[in-house]
Amino acid sequence: MTGIEVALILNSRMRLALALILSLVACSSPQKVEPKKSSAERAFEFTAEPVQKAYDSDSGTAFGMKSIYFARGQATLDETAQASLKANAAALRVRSKAQVQIEGHCDHRGSFDLNMKLGDRRATAVRDALAKLGVPKHQLSTISFGNEKPVVPNATTEGELQRNRRANLVLLTQE
């Protein structure tokens with residue numbers, strides 16, 4: 003073999019290798035390049051609080067409305083509940099476009115079915131009382147969670163149990 007033949011063979015092998023490399027690069031998926039973040043931005047990712055999903059009376063974020071508390075096994079509204087309901091009704095009457103879901107809750111004592119029914123009676127009692135105080139019923143809806151969403155999980159004292167026996171007013175829409 004002459005020098006020219008060797009050079010042609012090497013040249014063709016180099017062209018083949020270059021073509022192979024270029025085809026592999028062209029077929030690979032593009033890599034996303036993430037912009038670099040400052041140390042403050044990275045720290046914020048790990049310390050940011052979750053976005054609150056609802057405005058409600060349990061957390062005090064529904065324009066000052068208060069949750070309504072009940073005695074064990076009861077859906078009747080005592081004097082303290084009546085006072086809270088008057089304040090809640092006043093807040094709702096001036097917000098005629100606000101939609102509120104009234105959640106009925108129970109402590110963990112009793113069967114699932116009993117607590118679901120009791121939660122429903124509690125939510126309905128609050129809805130009816132608000133309607134009597136001038137809040138249009140079309141602004142109000144009810145749901146029972148029974149003992150499924152306690153404010154105080156694993157409650158043992160009477161004070162903790164009482165906090166779970168409640169009607170929570172959840173603001174679904176605002177004006």
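Numbering (the working numbering), first residue to last: 3 to 177.
Quick reminder that beta carbons are idealized off the backbone N, C-alpha and C, glycines included.
Short Cβ contact (8 Å threshold) for residue i with residue j
i           : j           : result
residue 101 : residue 174 : yes
residue 106 : residue 146 : yes
residue 181 : residue 71  : Here the chain comprises residues numbered 3 to 177, so residue 181 is not present and cannot be evaluated.
residue 91  : residue 132 : yes
residue 128 : residue 169 : yes
residue 108 : residue 161 : no
residue 94  : residue 164 : no
residue 69  : residue 60  : yes
residue 88  : residue 135 : yes
Where residue i falls, given that 16 or more other Cβ within 10 Å makes a residue buried
i           : result
residue 166 : buried
residue 96  : exposed
residue 125 : buried
residue 66  : exposed
residue 113 : exposed
residue 85  : exposed
For residue i, the nearest candidate out of the options (CA to CA)
i           : options           : result
residue 110 : 169, 158, 80      : 158
residue 117 : 103, 67, 152, 68  : 152
residue 75  : 122, 99, 155, 154 : 122
residue 137 : 156, 78, 98       : 98
residue 115 : 150, 154, 155     : 150
residue 139 : 154, 103, 77      : 103
For residue i: DSSP bridge partner residues
i           : result
residue 169 : 70, 106
residue 63  : Paired residues: none, contrary to the question.
residue 175 : 101
- Ignoring anything shorter than 4 residues or poking outside the segment 67 to 151, list the alpha helix (DSSP H) runs there in chain order. You should have 81 to 95, 114 to 134.
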